[in-house]
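Quick notes on the structure that follows.
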Amino acid sequence: MPETTKTTGDSRSASPAGRGWEAPRWLRTAFLVAAGIAVVAVLAMAFRPQPVAVDLARVDRGTVEVAVEEDGRTRVRDRFVVTAPVAATLRRITLEAGDPVEAGDELARLDGPEAALTDTRTRAQLRARISAAEAGVEGAVAMAEGAEAAAVEAREGLRLQEVLLAGGSGSPSAVERAEAMVRAREAEIRSARFAVEAARGEVEDLRLALAGPDGSEVGGGIPLVLRAPVRGTVLRVHRESGGAVAPGEPLLEVGDAGALEAVVDLLSADAVRISAGAEATLGGWGGEALLSARVRRIEPAGFTRVSALGIEEQRVNVILEPVGDGGWPGLGDGFRIEARILVDRADDVLRVPAGALFRLGTEWAVFVAEGGRLRERVVEVGRRSQAEAEILSGVVEGDQVVIYPSDRVAEGVRYRAR
Numbered sequence: 041m042p043e044t045t046k047t048t049g050d051s052r053s054a055s056p057a058g059r060g061w062e063a064p065r066w067l068r069t070a071f072l073v074a075a076g077i078a079v080v081a082v083l084a085m086a087f088r089p090q091p092v093a094v095d096l097a098r099v100d101r102g103t104v105e106v107a108v109e110e111d112g113r114t115r116v117r118d119r120f121v122v123t124a125p126v127a128a129t130l131r132r133i134t135l136e137a138g139d140p141v142e143a144g145d146e147l148a149r150l151d152g153p154e155a156a157l158t159d160t161r162t163r164a165q166l167r168a169r170i171s172a173a174e175a176g177v178e179g180a181v182a183m184a185e186g187a188e189a190a191a192v193e194a195r196e197g198l199r200l201q202e203v204l205l206a207g208g209s210g211s212p213s214a215v216e217r218a219e220a221m222v223r224a225r226e227a228e229i230r231s232a233r234f235a236v237e238a239a240r241g242e243v244e245d246l247r248l249a250l251a252g253p254d255g256s257e258v259g260g261g262i263p264l265v266l267r268a269p270v271r272g273t274v275l276r277v278h279r280e281s282g283g284a285v286a287p288g289e290p291l292l293e294v295g296d297a298g299a300l301e302a303v304v305d306l307l308s309a310d311a312v313r314i315s316a317g318a319e320a321t322l323g324g325w326g327g328e329a330l331l332s333a334r335v336r337r338i339e340p341a342g343f344t345r346v347s348a349l350g351i352e353e354q355r356v357n358v359i360l361e362p363v364g365d366g367g368w369p370g371l372g373d374g375f376r377i378e379a380r381i382l383v384d385r386a387d388d389v390l391r392v393p394a395g396a397l398f399r400l401g402t403e404w405a406v407f408v409a410e411g412g413r414l415r416e417r418v419v420e421v422g423r424r425s426q427a428e429a430e431i432l433s434g435v436v437e438g439d440q441v442v443i444y445p446s447d448r449v450a451e452g453v454r455y456r457a458r
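Here the sequence shown is numbered in my numbering, starting from 41 and rising by one per residue.
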């Protein structure tokens, strides 16, 4: 019987050299897992939020000034309008705006008032105007006396503040305010005396209009001469050509062109924050330098003005005067200026740009750059200006805050500085 050979084992392993090698299952699984992790990592990097580009500013210490800014105009402090006292014929006025005049200089001549003066009613009206002008003189004298009394009180207040400062219980700012008050009162004295002279000149003109050549109340053919009530400059000529004029018609305006003041109309809510003697600067007048000024008076009565948007606003006139004896060279009557009036000032305080602040509910907050991310910080704000804000708590000197944060800026986001 022939011998047979029995083959055992798996035929796939009988000839390993005849087929390709296959990796073990565990190795294939590990490769797939690694590939999946790599794909996930690539997708995560692709869709990962990019850092937000922000502008940063450093929290530092310095001065914070709170000011009110508004346009205004200059004007002559004491302006006097010369009018025709009676109905007459005006001779041509030869004076021009800008001409200097002395008190008593001839300004204009009127012919033919005698016909009007023969009228009983006209004479009675002139007598009444003379009485009113004399009362105006008395009122101007009383105002001058009141201004002198106020100046005495202001000087006493200045001496008291100087004594307190020397004793260590006063402050330099209080002395400066007292000095400003003294200067303001002295300016009021000069203005009041100016008004007295003008009122007396008006009385004299009316008496001359009523009196004839012989001193009686019926005028003759002598022309009526109108004279300058004070020393100054012709500011404006209302009526240059000759012709008939009516009683009370304005002819010229006279004033001291060197004694200027500025009128700035502020919102009443801003005016209540300002006090007499506050520092101010004038810009936008045509020159490069800023002109120094101070608040002389805040008018007690306001008025309504309609804004460019059609909104009714309550406004108050604030009067500014020059600082020092130099005045405001280069400016004249009716010139435009941009006034900046100081409301409050603090030195060596912690401050941030005003653009870094935003509302978080009812509180103020900032975004602080910290550890590569942005963090919200609630802060307590003190004085605020258009450019800066005083910080009482919430951040420390050296912190970096975001200026004008966009809607992409939020708590915990990554950032990069521009």
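Backbone N, C-alpha and C define an ideal beta-carbon position, used for all residues, glycine too. Here the structure is a predicted model, which means the values were calculated and not measured.
Check: Measuring alpha carbon to alpha carbon, tell me which of Thr273, Leu198, Gly372 and Thr69 ends up nearest valine 122.; Outcome: Thr273
Check: Mind listing, in chain order, the continuous beta strand (DSSP E) runs of no fewer than 3 residues lying wholly within the region 374-408?; Outcome: 376-393 and 398-400
Check: By how many angstroms is the C-alpha of leucine 130 removed from the C-alpha of leucine 349?; Outcome: 46 Å
Check: Quick check for students: name the residue ranges of the beta strand (DSSP E) that lie wholly in the region 271-304, counting only runs of 3 or more.; Outcome: 272-277, 283-285 and 290-295
Check: Leaving out the 5 sequence neighbours to the left and right, which residues in its chain are closer than 8 Å to glycine 372 when beta-carbon positions are compared?; Outcome: Thr114, Ala297 and Leu300
Check: Taking 7 Å as the threshold (C-beta atoms), are arginine 149 and valine 294 in contact?; Outcome: no
Check: Alpha carbon to alpha carbon, how far is leucine 330 from threonine 158? Give it in angstroms, no decimals.; Outcome: With a pLDDT of only 48 at threonine 158, under the threshold of 50, the placement of this residue in the model should not be trusted; the figure read from the coordinates follows. Computed Cα separation, rounded: 59 Å.
Check: For proline 269 versus alanine 238, is the C-beta distance shorter than 7 Å?; Outcome: yes
Check: Just list the residues that DSSP pairs alanine 128 with in beta bridges.; Outcome: Val285
Check: Inspect the CB distances between the region 224-242 and the region 179-195 and report whether three or more fall short of 8 Å.; Outcome: yes
Check: In this structure, does DSSP put arginine 217 in helix, strand or coil?; Outcome: helix
Check: Between Val392, Glu352, Ala189 and Glu319, which lies nearest to leucine 382 when the distance is taken from Cα to Cα?; Outcome: Glu319
Check: Report the three-state DSSP secondary structure of aspartate 310 (helix, strand or coil).; Outcome: helix
Check: Between the beta-carbon of valine 363 and the beta-carbon of serine 332, is there less than 7 Å?; Outcome: yes
Check: Are the CB atoms of leucine 198 and alanine 218 within a distance shorter than 7 Å?; Outcome: yes
Check: Could you spell out the range, first to last residue, of the beta strand (DSSP E) harbouring valine 116?; Outcome: 100-116
Check: Would you grab the beta carbon distance between glycine 434 and valine 419 for me? Rounded to a whole angstrom, and I think it's under 8 Å.; Outcome: 3 Å
Check: For the beta strand (DSSP E) containing serine 332, list its first residue and its last residue.; Outcome: 331-338
Check: How about arginine 101 and glutamate 437: do their beta carbons lie closer than 7 Å?; Outcome: yes
Check: Assign leucine 72 to one of two classes, buried (16 or more other C-beta atoms within 10 Å of its C-beta) or exposed (fewer than that).; Outcome: exposed
Check: Distance check for glycine 370 and phenylalanine 120, CA to CA, integer angstroms please.; Outcome: 22 Å
Check: Do alanine 175 and alanine 235 have their beta-carbon atoms positioned less than 7 Å apart in this structure?; Outcome: no
Check: Is DSSP giving proline 212 helix, strand or coil here?; Outcome: helix
Check: Give the DSSP-derived three-state secondary structure of glycine 452 in the structure shown.; Outcome: coil
Check: Grab the span of the beta strand (DSSP E) containing leucine 360 for me, first residue to last.; Outcome: 352-362
Check: So which of Val177, Leu292 and Glu352 has the shortest CA-CA distance to glycine 138?; Outcome: Leu292
Check: With a Cβ-Cβ cutoff of 7 Å, do alanine 427 and arginine 334 count as a contact?; Outcome: no
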